[in-house]
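With this note's numbering as the guide, the letters of the sequence shown map in order to residues 32 to 459. Here the structure comes first, spelled out in structure tokens, and everything after it is commentary.
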Amino acid sequence: MSSRRGFVKNMAAILGTASVHTMIESALSSGIKAASIENLAMDEELRASDQIFWNWVRDSFTVSRNIINLNNGGVSPQPKITQDAQDKYNRMSNEAPSYYMWRIIDAGREPLRENLAQLAGCSPEEIAINRNSTEGLNTIIFGLNLRKGDEIVMSNFDYPNMNNAWNQRAKRDGVILKKAILPLPLDNDESIVKLYTDLFTSKTKIVHLTHIINWTGQIIPVRKIADEAHKRGIEVIVDGAHSFAHLEYKIPELGADYFGTSLHKWLCAPFGSGLMYIKKEKIKNVWALLSSDEPDGDNIRKFESLGTRSFAKEMAIGYSLDFHNMITTKRKQERLHYLKSYWATRVLDNPKVYMNTSLKPEFSCALANFGIKGMTGSEIDQKLFSKYKIHTVAIKHEHFDGVRVTPNIYTNEEDLDKLVQAINEISV
Numbered sequence: 032m033s034s035r036r037g038f039v040k041n042m043a044a045i046l047g048t049a050s051v052h053t054m055i056e057s058a059l060s061s062g063i064k065a066a067s068i069e070n071l072a073m074d075e076e077l078r079a080s081d082q083i084f085w086n087w088v089r090d091s092f093t094v095s096r097n098i099i100n101l102n103n104g105g106v107s108p109q110p111k112i113t114q115d116a117q118d119k120y121n122r123m124s125n126e127a128p129s130y131y132m133w134r135i136i137d138a139g140r141e142p143l144r145e146n147l148a149q150l151a152g153c154s155p156e157e158i159a160i161n162r163n164s165t166e167g168l169n170t171i172i173f174g175l176n177l178r179k180g181d182e183i184v185m186s187n188f189d190y191p192n193m194n195n196a197w198n199q200r201a202k203r204d205g206v207i208l209k210k211a212i213l214p215l216p217l218d219n220d221e222s223i224v225k226l227y228t229d230l231f232t233s234k235t236k237i238v239h240l241t242h243i244i245n246w247t248g249q250i251i252p253v254r255k256i257a258d259e260a261h262k263r264g265i266e267v268i269v270d271g272a273h274s275f276a277h278l279e280y281k282i283p284e285l286g287a288d289y290f291g292t293s294l295h296k297w298l299c300a301p302f303g304s305g306l307m308y309i310k311k312e313k314i315k316n317v318w319a320l321l322s323s324d325e326p327d328g329d330n331i332r333k334f335e336s337l338g339t340r341s342f343a344k345e346m347a348i349g350y351s352l353d354f355h356n357m358i359t360t361k362r363k364q365e366r367l368h369y370l371k372s373y374w375a376t377r378v379l380d381n382p383k384v385y386m387n388t389s390l391k392p393e394f395s396c397a398l399a400n401f402g403i404k405g406m407t408g409s410e411i412d413q414k415l416f417s418k419y420k421i422h423t424v425a426i427k428h429e430h431f432d433g434v435r436v437t438p439n440i441y442t443n444e445e446d447l448d449k450l451v452q453a454i455n456e457i458s459v
């Protein structure tokens with residue numbers, strides 16, 4: 032009982048601040064903090080391959096002993112401190128739900144909003160906390176005032192849930208969808224920009240951009256396209272599902288008017304947690320998707336009228352956020368690019384292996400897609416798992432067929448050595 036009371040007292044004090052930093056400081060071992068300081072003093076190449084620091088990071092997760100998980104693109108695990116925090120918040124909620132959940136735990140929503148805004152580089156009044164990219168981007172897509180004949184520019188590689196949302200608006204409201212056909216992989220910004228801008232007309236109202244394409248890991252030059260769009264009075268929606276807390280940037284630097292991401296991907300936050308950004312002056316232009324007393328108002332909180340939800344999960348986001356800030360986005364991006372290059376460059380000398388992803392750091396980071404001549408992606412994926420217990424994901428698109436490999440910061444070189452060996456063996 033004294034332990035629970037201590038947790039409640041600690042949490043109540045912390046919820047009155049802008050961070051759970053004091054709790055995460057005590058949760059993190061002195062070892063990882065010392066290793067982090069030493070790692071920061073190294074140059075970029077050494078930082079990314081420093082086994083001492085990254086082994087401490089690996090030990091901060093509950094990594095499976097049964098499989099090698101190289102499909103972190105869809106969803107990522109949470110560090111132990113986040114799992115423990117969510118469990119504690121959930122247990123406390125169940126002692127007196129309407130009191131602890133609504134009056135105590137949910138008091139942390141505004142401090143959490145401030146912390147997320149700090150990472151995003153924007154005002155807290157531009158951040159809504161939700162469940163995932165689909166919820167955020169669908170809220171925007173369905174909430175914008177668009178009319179029959181308005182044109183939307185997209186690409187042939189946007190995420191299915193966003194495609195479905197736009198298809199519904201086309202069917203229901205008569206908007207016209209125009210798709211840039213991207214011959215991936217691409218490693219030239221200007222050619223990518225031109226594929227989008229060639230579709231702009233006086234009727235174009237929105238350009239929908241997927242920052243990192245989930246199928247292959249291709250990074251799209253969002254800011255360059257956004258600048259061209261804004262010159263023509265076109266608004267910009269950015270799907271940042273795979274780029275937030277993965278690439279080093281602040282949301283306003285992208286030139287996005289609207290942005291959605293999933294925090295359970297690269298921030299390693301609890302499953303079913305997300306973030307939506309809307310420029311302050313644009314909030315009033317987006318109708319709330321769910322009930323709100325001011326659905327056309329300019330308060331970002333109108334998008335959070337979800338009713339009862341897991342407040343324990345939402346408050347545990349703060350632990351993942353502080354864990355991420357300890358590592359920093361810069362170091363994470365360096366490490367993820369290093370891991371991708373580590374395995375991909377080691378299979379390139381195999382004449383049967385080909386890449387569906389540019390390996391240049393400007394055009395991909397953690398995610399990469401490969402194929403083996405004479406095999407389907409599904410066949411490769413099945414053999415990797417059945418024989419080697421390596422979990423990846425087969426990707427079959429109209430323009431290619433391959434396997435996506437997505438390590439995360441807890442992945443080590445030994446995992447990837449096993450992947451390289453497996454690819455070479457099954458390609459024989």
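Idealized CB from N, CA, C, for every residue including glycine. No experiment lies behind these values; they were computed from the predicted model shown.
DSSP state of GLY408 mapped onto helix, strand, coil: helix
Start and end residues, alpha helix (DSSP H) containing ILE237: No alpha helix (DSSP H) holds ILE237; the beta strand (DSSP E) holding it covers 235 to 241.
Burial state of LEU294 (16 or more Cβ within 10 Å): Burial call: buried.
Every unbroken alpha helix (DSSP H) within the segment 353 to 401, with a cutoff of 4 residues, ordered by chain: 360 to 378
Three-pair Cβ contact test at 8 Å for the segment 437 to 455 versus the segment 396 to 414: Judged by Cβ distances under 8 Å, the segment 437 to 455 makes contact with the segment 396 to 414, as three or more pairs qualify.
Boundaries (first-last residue) of the alpha helix (DSSP H) holding MET123: 111 to 126
Own chain partners of PRO283 with C-beta closer than 7 Å, once the 5 adjacent residues on each side are dropped: GLY152, CYS153
C-alpha gap between PRO252 and THR442, whole angstroms: Computed Cα separation, rounded: 28 Å.
Cβ pair HIS368, ALA397 closer than 9 Å: yes
Own chain residues within Cβ distance below 7 Å of LEU230, not counting five before or after: VAL184, LYS209, ALA211
Burial state of GLY328, where buried means 16 or more other Cβ atoms lie within 10 Å: exposed
Range of the contiguous beta strand (DSSP E) that encloses TRP435: Per the sequence presented here, residue 435 reads as Arg, with Trp not at that position. Here the beta strand (DSSP E) through ARG435 covers 431 to 436.
Span of the beta strand (DSSP E), counted from its first residue to its last, around LEU143: For LEU143, there is no enclosing beta strand (DSSP E); the enclosing alpha helix (DSSP H) has its first and last residue at 140 to 151.
C-alpha distance - VAL14 paired with MET193, whole-angstrom precision: Because the chain is modelled from 32 through 459, residue 14 falls outside the range shown and cannot be assessed.
Residues bridged to THR292 [DSSP beta-bridge criterion]: In the DSSP assignment, the residues bridged to THR292 are LEU306.
Terminal residues of the alpha helix (DSSP H) in which ASP258 lies: 253 to 262
Sub-9 Å separation of PRO301 and ILE348 beta-carbons: Between PRO301 and ILE348, the gap from beta carbon to beta carbon is short of 9 Å.
Between the CA atoms of SER341 and ASP137 - distance to the nearest angstrom: 10 Å
Status (buried if at least 16 other CB within 10 Å, exposed otherwise) for TRP246: Looking at its Cβ environment, which holds 16 or more other Cβ atoms inside 10 Å, TRP246 is buried.
Residues that DSSP places opposite MET185 in a beta bridge: LYS210
PRO155 versus ARG332: straight-line alpha-carbon distance, rounded: 10 Å
Residue burial classification, SER129 (beta-carbon count within 10 angstroms, cutoff 16): Exposure of SER129 is indicated by the presence of fewer than 16 other C-beta atoms within 10 angstroms of its C-beta.
As assigned by DSSP and simplified to three states, the class of LEU175: strand
Where the alpha helix (DSSP H) containing LYS427 begins and where it ends: No alpha helix (DSSP H) contains LYS427, which is instead part of the beta strand (DSSP E) from 424 to 428.
ILE83 versus SER458, LYS420, GLU444, GLU141, residue with shortest Cα-Cα distance: GLU444
Residues near LYS311 in its chain [Cβ-Cβ closer than 7 Å; skip 5 each side]: SER154, GLU156, GLU157
Proximity of ILE237 and LEU177 at Cβ, strictly below 9 Å: yes
Helix, strand or coil at ASP81 according to DSSP, with G and I counted as helix: coil
Backbone secondary structure at ASN102 - three-state DSSP: strand
Cutoff 6 Å; reference PHE275; Cβ partners in own chain excluding five residues on either side: THR292
CB contact flag (ILE250, VAL224, <9 Å): Not a contact, by the Cβ cut-off of 9 Å.
Whole-angstrom C-beta distance between ASN195 and THR423, which should lie under 8 Å: With a Cβ gap of about 25 Å, THR423 and ASN195 do not count as contacting.
Pair within 9 Å by beta-carbon distance, LEU143 and ASN387: no
Proximity of ILE68 and ALA159 at Cβ, strictly below 9 Å: no
Other residues of its chain near GLY248: CB distance less than 6 Å, five sequence neighbours each side excluded: THR388, SER395, LEU398, ALA399
CB contact flag (SER336, SER351, <9 Å): no
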